[in-house]
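The block underneath contains the structure these notes are about, expressed in structure tokens.
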Amino acid sequence: MKFKAEIDVMPHAALLDPQGKAVSNSMPNIGLPTIHDVRIGKHISMELEADNEASAHEMVETACKKLLANLIMESFTFTVKAI
130 MKFKAEIDVM
140 PHAALLDPQG
150 KAVSNSMPNI
160 GLPTIHDVRI
170 GKHISMELEA
180 DNEASAHEMV
190 ETACKKLLAN
200 LIMESFTFTV
210 KAI
């Protein structure tokens, strides 16, 4: 079966996010002073083949833990859907 995974990787809330901080500080400059606490991460979309949804879920989790996210500094969430 074919599956599509949508993965979000974000810096841990306790860690400084310099890119998010820079964007937050720039919001008033573009007329959006009420936007604050911006956090910037990455979104990853992938297609994969697996025997079932549980197997696809396990494959995506392995990819996240071993390659896509730095678990010391980042957390991840994902969804897997059959296509």
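Residue numbers for the sequence shown, in the numbering used here: 130 to 212.
Note that the Cβ used here is the ideal one computed from N, Cα and C, for glycine as well.
Fair warning: this is a prediction, and the values are worked out from it, not measured in the lab.
Coarse secondary structure for I136, derived from DSSP in three states
strand
Keeping to the same chain, check which residues put their C-beta closer than 8 Å to that of M202; ignore five residues upstream and five downstream.
P140, H141 and L144
Among A151, D180, T191 and L200, the one whose alpha carbon lies nearest that of A211
D180
When you compare only the Cα positions, how much space is there between I164 and T191?
35 Å
Start and end of the beta strand (DSSP E) containing K210?
E203 to A211
Among all the DSSP beta bridges, which residues are the ones paired with K150?
Note: K150 sits in no beta bridge, so no partner.
Any idea what DSSP makes of A145, helix, strand or coil?
Reading the sequence as shown, one finds Leu at residue 145 and not Ala. Looking at L145 - three-state DSSP - the assignment turns out to be coil, as it is neither helix nor strand.
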